[in-house]
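Residue numbers (the UniProt record's numbering), protein chains in the order written: chain A, 1 to 472; chain B, 1 to 406.
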């Protein structure tokens, strides 16, 4: 927004003008909340917000503000009451610019080489947690690679990797507590991994065998675990966002020390559910974290074809939601941002939007060949120069918490475990036919019982057409 | 499920409806069938040749002057205690309030349900009693608040989601079909979704095409959900309570024009079985299956039919998904003729599915093809007179019964 400070009127009243214009809503409590938001010790805001923060430093009570405003405006300007609050008028025809001159800066703590940036603010991480974060990132990477190869070999029907987004997955999970409920899209198995889902359990779901908690009903990567508060992946894009708001509402009602956390990609922000969920969360003052994995691509659609705003972080303000942009490949920054956001969300009962900038190194899924729409060089660069694992590894090694030996030991152990998990999962029996009809309702109704009978009758008369690996 | 308490069917007040002056309408005769076929849809056969294709399997003809064995049941319920009188929307509210008192997890969300009390006053007074959080006013996005309800249900709450008009829930179709109906199944039973989705639907009084939708047609295919339609204050309260207590997602269809029906309902607590149909009027000659508002048109037609010597058995099917084929089947086995009267469109409505189900299961017991009276496949016009003719009227029901019972 271009500021036009007129020299004819006093600069203070013009600043008030701008303040009033920006704080469109009316009730005292709203004004108070907004002023409290921009405090002197907050990171300096860029661009046009400066006058407000400067103004807030000099302001005392909200009561003082409005009575001051009344006095000023009685003389110079008109202020009209509209639904939503007082709005100041301006005789100048001025449009709010479609974008700021500068993009919203991205919070990062480790540089490209994994060195801690001087004077960076971050939440301290213990050796134990840091080592677990890194180990789980390595585990996720190996798991993804082995499952992907298994699909290519025809052992798995489908897979979608999270290569390149390991830091978002693991570091965000590390900053949460087990009571926080997760509503994932489908590229966040790392959160489950952090919480204790075993490689065997992942493999069971991918093979859809009888040990799968989903009872073999969904395609691979559609994990779910009520024990670990990780809600079953629903393939539809962004439908989990309103679900998360509902869960946050439930936590709010029970006054629990927990929040809802939902993940989605840059593509998901185009869905109506994204906008509605953010709006609802703001109005309901629900403790929910909206974590957007802006990885640059929605299958073959680059972000330049997805939206024309400055990424996703600026959309939060449209709904009255506090937002931050983070370097998604910086595990330490992700951890700090999510940790801080979670505390804010629960303490202040408000939603927070986190845009994590990253890159989707892998294909969208095993049904996609991304070299058809992007250069192999681009993929290679992100995988090497901006790799989240190498950056964090440098940092933990500099603290003396990691070494080459621990790395190679870990990698060979995980690889062995993965191959064993694959082998066992492949051999395990599939769920029996009865599971096709159970859980549609709490108790199978008569029409489903009838339909199951019909299927069984058909199988009896044509046993050669029925798959041999599905028990009856 | 608790025991079924079946109250009596017909309500006393039928004043909201136009009383059809049957003298104005053409008396049924085979020659004028083609004229009438423009005004109502007859399923199952070409109307011109309808009479001649009827095959009477019974050896003796029907006695046209048979006196009805039972008169229309009066409004007094089966309970011997006095009870209290209220309107249908108050019955819904009573059921909702009782469940909210009983279980602190029950909550309500929707547009204008809080301090406004709901567009049809079903949630009146609840926000004052239970607070803003338990009776939640939401911004306008049906997909979002339905999704919210589903997420809250997966976390342990039991939300009652109100669509201001059922037609608006078309916007929530994604959440209802993909998440509500499916997540219990795809999660392997780990997460249950005990939501109730309710709201008024059906053709009202000049509400226009967009506000006269019959969503039961669109939702009936979704696996994993249950659908019920209430028609009296008694079953409205009973079904509301049963739906809230059910572990499955239930869609409760109310009707815009039935909210002011008055009835005396029992003081003591009761619930209605979600999967059961209601016997409104036992009879011998023909089974008339209906639900929601059409029940009253059928009962009005029944009066005329009784005077003409017919003895129709009227069943309010109530459970739209799944059908109560047990009650329906017993009736078909007794009367051998079926007439379905519904408000859905001809194509793909509840009647279409019910016709298929009856033909499949009870074909051997039918003496005549199943006949289905539905609305035409047109958007509901605004003009009052035209709107009236998109809805099945009692005179058409009388004609259809007479044809079927030849």
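A virtual CB, placed ideally from N, CA and C, is assigned to each residue, including glycine.
These numbers come from a predicted model, not from an experiment.
Residue pairing by DSSP puts residue 297(A) in a beta bridge opposite 302(A).
Neighbours of residue 214(A) in chain B, taken as residues at a C-beta separation under 7 Å, are given in chain order as 186, 187 and 188.
Within 10 angstroms of the beta-carbon of residue 244(B) lie 16 or more other beta-carbons, which makes it buried.
Contact check for residue 123(A) and residue 340(A): beta-carbon distance about 7 Å, within the 8 Å limit, so the pair qualifies.
Leaving aside the five residues that flank residue 428(A) on each side, the residues in its chain whose CB is nearer than 8 Å to its CB run, in chain order, 204, 207, 209, 210 and 211.
Counting every other CB atom within 10 Å of its CB across the protein chains shown gives residue 194(A) a total of 16 or more, marking it as buried. In the structure shown, residue 472(A) falls within a coil segment according to DSSP collapsed to helix, strand and coil. Closest in alpha carbon position to residue 222(B), among 128(B), 321(B), 332(B) and 147(B), is 321(B).
Here DSSP, grouped into helix, strand and coil, assigns residue 133(A) to helix. Within the DSSP bridge table, the entry for residue 135(B) names 108(B) as partners. Assignment of residue 292(A) by DSSP, reduced to helix, strand and coil, places it in the strand class.
Identification of residues in the segment 108 to 139 of chain A having a C-beta nearer than 8 Å to some C-beta of chain B yields an empty set.
Cα atoms of residue 390(B) and residue 295(B): separation of roughly 16 Å, rounded to the nearest angstrom.
Counting C-beta atoms within 10 angstroms of its own C-beta, residue 232(A) has 16 or more neighbours from the protein chains shown and is therefore classed as buried.
Flagged as an interface residue toward chain B: residue 280(A), by a C-beta distance shorter than 8 Å. Taking a Cβ-Cβ cut-off of 7 Å, residue 103(A) has no neighbours in chain B, whose nearest Cβ is about 29 Å from it.
Of all alpha-carbon atoms in 359(B), 99(B) and 273(B), the one lying nearest the alpha-carbon of residue 333(B) is that of 359(B).
Residues of the segment 434 to 455 of chain A whose Cβ lies closer than 8 Å to any Cβ of chain B, in chain order: 438, 439, 440, 441, 442, 445, 446 and 447. If you draw a straight line from the Cα of residue 255(A) to the Cα of residue 283(B), it comes to about 56 Å.
Here residue 199(B) is bridged, per DSSP, to 253(B). Listed in chain order, the positions of the segment 134 to 146 of chain B with a beta carbon within less than 8 Å of a beta carbon of chain A are 134, 136, 138, 139, 141, 143, 144, 145 and 146. Under the Cβ distance rule, residue 178(B) counts among the residues neighbouring chain A, one pair being separated by less than 8 Å.
If you draw a 10 Å sphere on the C-beta of residue 378(B), you find fewer than 16 other C-beta atoms in it, and that means exposed. What residue 123(B) touches in chain A, judged by beta-carbon distance under 9 Å, is nothing: the nearest beta carbon there is about 17 Å away.
Residue 175(B) places its beta carbon 8 Å or farther from that of residue 140(B). Interface with chain A (8 Å Cβ-Cβ cutoff): residue 150(B) is included. In the DSSP annotation of this structure, residue 93(A) is not part of any beta strand (DSSP E), being labelled neither H nor E.
With a threshold of 8 Å between beta carbons, residue 338(A) makes no contact with chain B. Listed along the chain, the chain A residues whose CB falls inside 7 Å of the CB of residue 248(B) are 441 and 442. Considering only 120(B), 103(B) and 97(B), the residue with the shortest C-alpha distance to residue 128(B) is 97(B). Out of 394(B), 122(B) and 158(B), the CA that lies nearest to the CA of residue 246(A) is found in 158(B). Secondary structure at residue 98(A): coil, using DSSP grouped into helix, strand and coil. According to the DSSP assignment, residue 186(B) belongs to the alpha helix (DSSP H) that extends over 183 to 186. Between residue 204(B) and residue 254(B), the beta carbon gap of about 12 Å keeps them out of contact (Cβ cut-off 8 Å). A straight line joining the alpha-carbon of residue 136(A) with that of residue 225(B) spans about 39 Å. Distance from the CA of residue 426(A) to the CA of residue 155(A), rounded to the nearest whole angstrom, comes to 8 Å.
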